[in-house]
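Same order as they appear, the protein sequences are chains A and B. Position one of the first sequence corresponds to residue 78 (the working numbering), numbered consecutively onward. Position one of the second sequence corresponds to residue 3 (the working numbering), numbered consecutively onward. We put the beta carbon where it would ideally sit given N, CA and C, even for glycine.
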Amino acid sequence: MTPSFALYVGLPGQGMHLHLDALSLLFLGILLPQVVAGAMAGMRKSVTFWVFALGMGLALAAADAFTLIFGFELMSAASWLLVLRGDQKPATLYVGTAIFSAACLIPAVFLPAGPLAFLLIVLGAGAKAGLAPLHFWLPRAHPAPPAGVSALMSGGMVKVALYVIIRYAFVVLAPAAQPWWGGVLVAAGAASVLIGALRAMLEGELKTVLACSTVEHVGLITVGLGIALRGKAMDDATMAGLGLQAALLYAVAHGLYKPLLFIGAGEVKHGVGTTALDWLGGLVRGMPKLGLLMLAGAAGMSAMPLGPGFAPEFLLLHAAIAAAGSGGIIARIGFTALLAVLGVGAALALGAAVRLFGIGFLGRPRTLQAAAAEEARRGPLAGMALLGALCVPVALLPGLVLNLLTPVILELAPQAQTPPLAYAPLSLAVLAGLVAGAGWLALRRYGVRGTREVAAWNGGFGKAPPWLPFGDPAAQPSATGFAEPIGRAIGRGLLAPGGADPAEAFLLAPLQRLHTRGVRLAERIRRATIRQRLAFVFAALVVFLLALGLGEGS
Amino acid sequence: MNLTFSLAHLMGGIILVLGFSLLSQRRLAAMITIYQLQAFVLSAAAFWQGFAQHEVNLYLTGLITLGIKAVLLPIGLRQIVLRFNMIRAVETAMPVVMSMILGVGLIGVAVLVVLPSTLSAVSLTREDLAIALSVVLLGLLVMTTRRNALAQIIGFLSTENGLVLAAIGMPGMPFVAEFSVALLVLLAFLVVGVFLFRIREHFDTLDLSGLEEIERRGR
Chain A
78 MTPSFALYVG LPGQGMHLHL DALSLLFLGI LLPQVVAGAM AGMRKSVTFW
128 VFALGMGLAL AAADAFTLIF GFELMSAASW LLVLRGDQKP ATLYVGTAIF
178 SAACLIPAVF LPAGPLAFLL IVLGAGAKAG LAPLHFWLPR AHPAPPAGVS
228 ALMSGGMVKV ALYVIIRYAF VVLAPAAQPW WGGVLVAAGA ASVLIGALRA
278 MLEGELKTVL ACSTVEHVGL ITVGLGIALR GKAMDDATMA GLGLQAALLY
328 AVAHGLYKPL LFIGAGEVKH GVGTTALDWL GGLVRGMPKL GLLMLAGAAG
378 MSAMPLGPGF APEFLLLHAA IAAAGSGGII ARIGFTALLA VLGVGAALAL
428 GAAVRLFGIG FLGRPRTLQA AAAEEARRGP LAGMALLGAL CVPVALLPGL
478 VLNLLTPVIL ELAPQAQTPP LAYAPLSLAV LAGLVAGAGW LALRRYGVRG
528 TREVAAWNGG FGKAPPWLPF GDPAAQPSAT GFAEPIGRAI GRGLLAPGGA
578 DPAEAFLLAP LQRLHTRGVR LAERIRRATI RQRLAFVFAA LVVFLLALGL
628 GEGS
Chain B
3 MNLTFSLAHL MGGIILVLGF SLLSQRRLAA MITIYQLQAF VLSAAAFWQG
53 FAQHEVNLYL TGLITLGIKA VLLPIGLRQI VLRFNMIRAV ETAMPVVMSM
103 ILGVGLIGVA VLVVLPSTLS AVSLTREDLA IALSVVLLGL LVMTTRRNAL
153 AQIIGFLSTE NGLVLAAIGM PGMPFVAEFS VALLVLLAFL VVGVFLFRIR
203 EHFDTLDLSG LEEIERRGR
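As structure tokens, then:
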């Protein structure tokens, strides 16, 4: 049933081993459409892209720690080269994070099962997945490379990192698992949800908005995983089942609509020349097919009912409610607060999706380039259509997808209960379609015939100057203006002064200061005079002698 | 037997005290004199060990020490002092009391290291080794605390005295090693003498703080 392979390369005398179980197959299945779509979006001839995909596949199918790390680092190195094609500064930030993550993961996989190994895994893989507070690199590095790569990084690479967390937290380290491990994941996930959703609402650049939204979705998946891990450790079948259902279904859905949106953003860049939201507008007229596909993706991103993102969000809230009813008083208060955080996150995600589509694709073009945009190229459109078509069953038949996920859930948590989903979007969609059709028919039958003249609603447009008979497009609400109320209401409290990401202001900046201080110290040592160097050597000698004497004496 | 070790210890102790007073001296002429005394005692110690151990090699070591270190090098050093007109030169980078305290600490370190880590060795040579290590460390301290190039050289030579003291206390140390060390010291002295003249040509002084200042600015 579960095939294994041995590769005769790798560590001497050991080789590398591949093993495909239900979990690996699920994540490989998530990965495959993205790779196809990315290749269709213009990355087909790039060797680095295929190495990147190969590294992810190797990490997912690995049966031993060496193969896992090898694939993971192959993926990091290849994606670094790909980010470097876009821009240098984010690539440097990215490679720094990748090295940090490797420095945590490599010792962790060889440690005995215990809290230290778990924390190192969460730090290493979490930094790669963009979990707060190590998410600062993601909104910078994901938008930098070409669209096909951005899509695969955002949809696939973070999934590989999450796969590592799942594999170790639920399978490898399972004998030592404790409830607070789940609490760690929930806390990191909740912070990611809040900060990612808020920044997605406030950022002014299309691809950065998408990257911030990825931070939010990674946070949601991690919250689901954390609840499930806690439930598994406490032997709570409902919590474990619901949490895993939510997390895995979210991973599936996010792996479809986020690459779609990223490829679409790349096409916007290709057609208009910029992805700054304030320079776009009215793109549905010039690129109707792209607009339709982006609308589908935005519906997924906002977790609207009938979209692919709704069912997992629904399950996640159920899991959080189930978790809020179990455990001690602190856990109950914490999970109730988590519900509020999830609600704020969902509202902000909806706002971000509306802003993305409304400012970028509706209204009037704000620039000549946006007005002159032509329909996207055929290859990327086909890739997006593939992903969009795969979104449909996830959106309308989530129960069927959950049935497919059941073996994975049982592999991860054998005691988990997987109740059928209490949400049937297909029948809802049919009902909504019936109502809409009836309304349309009634309108046709009883509606007023002929045309009526009314005064134009001038909302959103200033008084037109004489040379612009149809109004001034620049007088529409801008992306910045749209986000301003949220920025004032929530952003001031959550973001660092000046609107910077708190992780950058309170983690990255102190690290940078520390680095500068270290460099100054090293420079002072380098500039020491001969006598000072002699004194260093002498002092070192005396210290060693003292250590020898004290060590022998005791 | 008892007399052998007590005399050897006495001479080692004198060498240590001389090395310590080297640290306290601020005048070059006095430092050279102390160094010369140290070398004399060292050669006497070598002769005594040669007599006690019935080793001809040690007599040779004593002769070399007497000839080179007790006679030739002090003459050379005094010549340099005269040439550079540094008879009255007084300097120290560190207050004398401070360097004395450091020196006492270093002797403590040496005793702390040698006595426990050589428990298995012959009991009475251990004290000799501790004294020799103290002399070496004191010489290094002189090298690091003085700013004058000549004072640093005297510190280096005193360090070498400590090495020879360790070597003669150890039965079975090959003579070639001592001989080559002595030759090396002579060569180093010649090379450093040439350097001193070059430094003097450029800076009109042997105080290396000027050199350090230039080095700092140059980078």
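Here the C-alpha atom of B/L12 lies approximately 50 Å from the C-alpha atom of B/R219. For the region 611 to 627 of chain A, residues whose beta-carbon sits nearer than 8 Å to a beta-carbon of chain B comprise L611, A612, F615, L618, V619, L622, L623, L625, G626 and L627.
Taking C-alpha positions only, A/R608 is separated from B/R149 by approximately 8 Å. Shown here, B/N59 sits in a helix according to DSSP, grouped into three states. Annotated three-state conformation of A/L84 is strand, per DSSP.
A contact is defined here as three or more CB-CB pairs under 8 Å, and the region 191 to 205 of chain A fails this definition with respect to the region 95 to 109 of chain A. Each residue's CA atom was taken as its position, placing B/A153 and B/R29 some 9 Å apart.
Approximately 5 Å separates the beta-carbon atoms of A/I198 and A/A185; this is inside 8 Å, confirming the contact. Look at A/R590: its C-beta is not under 9 Å from any C-beta on chain B. Our two residues, A/L287 and A/K335, have alpha carbons roughly 8 Å apart in a direct line. Sequence-distant partners of A/A99 (beyond 5 residues in either direction) whose C-beta falls short of 6 Å from its own C-beta, in its chain, are P484, V485 and E488. The beta-carbon of B/E214 is placed less than 9 Å from the nearest beta-carbon of chain A. If you draw a straight line from the Cα of A/V361 to the Cα of A/P89, it comes to about 57 Å.
For A/L279, there is no enclosing beta strand (DSSP E); the residue is part of the alpha helix (DSSP H) that begins and ends at P256 to L279. In this chain, A/L481 is not harboured by any beta strand (DSSP E); it is covered by the alpha helix (DSSP H) spanning P475 to L489. Here DSSP, grouped into helix, strand and coil, assigns A/E344 to helix.
In chain order, P216, G273, R276, A277 and E280 place their CB closer than 7 Å to the CB of A/C289, counting only its own chain and leaving out the 5 sequence neighbours on each side. The C-beta distance from A/M117 to A/M234 rounds to 19 Å, too long to meet the 8 Å contact threshold.
Our two residues, B/G171 and A/T593, have alpha carbons roughly 52 Å apart in a direct line.
Contact annotation: the region 101 to 111 of chain A does not touch the region 200 to 212 of chain A, with fewer than three C-beta pairs closer than 8 Å. Taking the Cβ atoms as the reference, A/F149 lies roughly 7 Å from A/L182, within the contact range of under 8 Å.
With at least 16 other beta carbons inside 10 angstroms of its own, B/F22 counts as buried. When only Cα atoms are considered, A/S123 and A/A515 end up about 51 Å apart.
Note on geometry: alpha-carbon atoms of A/A499 and A/A506 lie some 15 Å from one another.
For A/I602, not one C-beta of chain B is nearer than 9 Å to its own C-beta.
Cβ-Cβ separation between A/M316 and A/A396: approximately 6 Å, consistent with a contact (criterion under 8 Å).
Shown in chain order are the members of the region 136 to 155 of chain B whose Cβ falls below 9 Å from a Cβ of chain A: L139, L142, L143, M145, T146, T147, R148, R149 and Q154. By alpha-carbon distance to A/F247, the top candidate from A/G318, A/G420 and A/G232 is A/G318. Per DSSP, the unbroken alpha helix (DSSP H) holding A/H395 starts and ends at F387 to A401. With respect to chain A, the C-beta atom of B/A134 has no partner C-beta closer than 9 Å. The beta-carbon distance between B/I17 and B/N163, rounded to whole angstroms, is 7 Å. This is short enough to meet the 8 Å contact definition. Counting every other CB atom within 10 Å of its CB across the protein chains shown gives A/A426 a total of 16 or more, marking it as buried. Chain A has no Cβ within less than 9 Å of the Cβ of B/A32. About 5 Å separates the CB atoms of A/I304 and A/A400; that is less than 8 Å, so the two are in contact. It is roughly 7 Å from the alpha-carbon of A/A328 to the alpha-carbon of A/I298. Nearest C-alpha to A/M133 among A/G232, A/P210 and A/R121: A/G232.
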